[in-house]
Amino acid sequence: MSGRDSGVHEELMELAAKQAALGEVRGAVAADPVNEPMIRHWLDAMGDTNPAYLANGVAPPAMAQVWTMPGLGPRQQTPVDEIMSALNAAGFTGVVATNCEHTYHRPLRVGERVTAATRFTELKGPKTTALGEGYFATWTVTWYAGDDPVAEMLFRVLKFRPKERKKPYPLKPAINQDTAFFWEGVKQGELRIQRCGDCGELRHPPGPLCPSCRSANRDHIVAAGLGTVYSFVVHHHPPVPGKKTPFVVAVVELQEGVRIVGNIVDCPVEDVGIGMELRVTYSSMDDELTLPLWAPREP
Amino acid sequence: MRTLTEGQVEIGSVLPELSIDLTPTLIVSTALATMDFTPVHHDVEGARAQGSKDIFLNILTTMGLVERYVTDWIGPEAVIKRINVKLGVPAYAGDRLTFTGTVVECDEGEYTVEVRGKVSLGDHATAAVAFRLPSPADGTAAP
Ligand SMILES: [Zn+2]
C-alpha cells in the first residue's frame, strides 16, 4: 500500500471501530404486522406448499427480514450506512454479499409487529479477491417482537474496487499463420525474427517463402532488441485513433541486420535522429494487445 | 403431508434433488414477495447497466428456497432453527437452480443438512440448515 492508501485504511478502520462502538441501534417498528396475505404471497412465489404456516398462524422463519424491508420508501439509516459511504468514497464501489446466516428463536405469529436492530460488527481488509481488492464488512440484525428477540441475521458483504479494464486499442495488427509467432513472442517479451530453415537468412516482415532460396521451411531467432534509427517520419496530421500527435514512426535497423518499423517513445520528437541508438520496450495497449515500441538506449 | 420423525433421519440421509427453472416470473415474483424492489431483480436493462447479464435471484429468495427445499423433505411439523448460506455465483433468469442435500450432523435432536444450490455458472449457494423433528411419541418437535 502507498502512503495515501494506508491513510485511507486507517480512516476506514477508525470509522469501523466508531460504528461498532455504537452497539445495537434500533430502527422503526415494521409498517405492517405479520399477516396472512404477505405470508400467502411469499409461499406462492417460492412454490412452498407447506400448509403448517397458514394453518398455525405463523410466518415461515426465512421471512424474518421481510417484515422490516423498506419497500420503495426511503431506507432507515443504520450504523452500516456510514461505512458503506466511506468505502464508496475510497473507491471500493463494488458490492457483493458473501454470507447470510439466520437463527430463529421462535416462530413469528400473525399479528405481531417486529422491529429490526442493527449492530455493525467488523471491517476486515484490504484483501485481494477475484473481483478486485476489497474489504469484508459484517453486521448483525436482531428482530424483536416487543422486547422478545425472535430472529437474528449475520450479513457479510465484500466491498471491492472493480478491476480497471483498459479500453480496447483501436488499431489491431493482422495476425495470421505467418505472423502469429511474432505476436506470441511480443506477449512473452521476445522480439522474434523469422529465419529461413534452409539457408538461414533472417527476414522481416515474416512471410511464407524465403526470398533468397524459395524455401518454405522456417523458424525464428530471438533478437537482442537493440537497433538504430535507419530512417523516420514525424506524424502530425491526420489524427490516428489511439495515438497522440505528433509521434515518430521509424525504420529501426536491428543489430541482427534486418529492419523493422515501429514507434519511438520516451523522448521528445525533436530529439530523434538518424543513427540514434534504440532498445525495444513492450507496451500493453489493452487487455489483449502488446506492442513492441522503441526507446532511446541509455548511453 | 407427513413429517419425518427422529429415527427416520440419520447422518448420511440424502434429500431428493429439487430443480427450479428460474423464469423471469419467478425472479420478479419472489423479489416482490420478499419486499425487495432493487432494480437488478426485476429490471433487465437496469441489471445489464450494472454489468449483470440478466435479472437475478435476490438473497432473501435464496434463503426462502433453501428453507422450502428442506421443509419439502422433513415435513410441516419440523422446526427450522438456522439457515447459514454462503453466497456464490448469481442465479440469473433463464438458468436452472438445482438443490442437493445430505444430513451431516445430529446433535441432541438437532439435525444439520448441508445444501448445495447449483446453477450453470457453479455454486449459487452453499448452505447449512439446522432443524428439529417431532419425536415419534408425541408427534411434535421440541422447540
Ligand atoms: Zn532461404
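Chains A and B, in that order, give the protein sequences.
Position 215 of the first sequence, counted from 1, bears residue number 215 in UniProt numbering, the numbering being contiguous throughout.
Position 49 of the second sequence, counted from 1, bears residue number 49 in UniProt numbering, the numbering being contiguous throughout.
Every residue, glycine too, gets a C-beta built ideally from N, C-alpha and C.
Check	Outcome
Beta-carbon neighbours of residue 77(A), restricted to chain B and to distances below 9 angstroms	The contacting residues do not exist; residue 77(A) stays about 18 angstroms from chain B at best.
Beta-carbon neighbours of residue 82(B), restricted to chain A and to distances below 8 angstroms	101, 102, 103 and 104
C-beta contact flag for residue 103(A) and residue 82(B) at 9 angstroms	yes
Under the three-state DSSP convention, the category residue 76(B) falls into	coil
Three-state secondary structure assigned by DSSP to residue 3(A)	Only weak support exists for where residue 3(A) lies, its pLDDT of 48 falling under 50; the value from the coordinates is given anyway. Reduced to three states, the DSSP call for residue 3(A) is helix.
Coil, strand or helix - residue 85(A) by DSSP	helix
Length-filtered (3 minimum) beta strand (DSSP E) runs lying within the UniProt domain "FAS1-like dehydratase" (30 to 152) of chain A	94 to 104, 114 to 129 and 132 to 145
Any non-hydrogen atom of ligand 1 within 8 angstroms of residue 257(A) CB	no
Three-state secondary structure assigned by DSSP to residue 69(B)	helix
Where the alpha helix (DSSP H) through residue 252(A) begins and ends	Note, residue 252(A): premise wrong, no alpha helix (DSSP H); beta strand (DSSP E) at 247 to 254.
Exposed unless 16 or more other CB atoms sit within 10 angstroms - verdict on residue 18(A)	exposed
Same chain only: Cβ atoms within 6 angstroms of residue 70(B), ignoring 5 sequence neighbours per side	113 and 129
Min CB distance residue 29(A) to chain B below 9 angstroms	no
Any C-beta of chain B under 9 angstroms from that of residue 96(A)	yes
Under 9 angstroms by beta carbon: chain A residues contacting residue 60(B)	62, 63, 65, 66, 69 and 100
Own chain partners of residue 141(A) with C-beta closer than 6 angstroms, once the 5 adjacent residues on each side are dropped	116, 118 and 153
Range of the contiguous alpha helix (DSSP H) that encloses residue 125(B)	Run containing residue 125(B): none in the alpha helix (DSSP H); it sits in the beta strand (DSSP E), 122 to 132.
Residue 26(B) in three-state terms, based on DSSP	helix
Any C-beta of chain A under 9 angstroms from that of residue 26(B)	yes
Candidates 110(B), 126(B), 125(B) and 121(B): closest to residue 132(B) by CA position	110(B)
Pairwise C-alpha distance: residue 30(B) and residue 30(A)	20 angstroms
Cβ-heavy atom distance, residue 201(A) to ligand 1, below 8 angstroms	yes
heavy atom of ligand 1 below 8 angstroms from residue 213(A) C-beta	yes
Residue 219(A) and residue 210(A) closer than 9 angstroms at C-beta	no
Contact set between residue 42(A) and chain B, taken where Cβ atoms lie within less than 9 angstroms	30, 33, 34 and 64
Near ligand 1: residue 198(A) beta-carbon under 8 angstroms from a heavy atom	yes
Cβ contact check for the segment 279 to 291 of chain A and the segment 155 to 171 of chain A: 3 or more pairs under 8 angstroms	yes
Residue 50(A): contacting residues in chain B (beta-carbon distance under 7 angstroms)	71 and 76
Cross-strand partners of residue 283(A) (DSSP beta bridge)	291(A)
Paired residues, beta bridge with residue 106(B) - DSSP	111(B)
Neighbourhood of residue 203(A) by C-beta, 6 angstroms cutoff - its chain only, sequence neighbours within 5 removed	194
Residue 123(A) beta carbon less than 9 angstroms from that of residue 34(A)	no
Contact between the segment 171 to 191 of chain A and the segment 223 to 242 of chain A (3+ Cβ pairs under 8 angstroms)	yes
Beta-bridge pairing of residue 277(A) - partner residues as DSSP gives them	228(A)
Cβ neighbours of residue 122(B) in the same chain (closer than 8 angstroms, five flanking residues each side left out)	88 and 89
Extent of the continuous beta strand (DSSP E) to which residue 17(B) belongs	14 to 21
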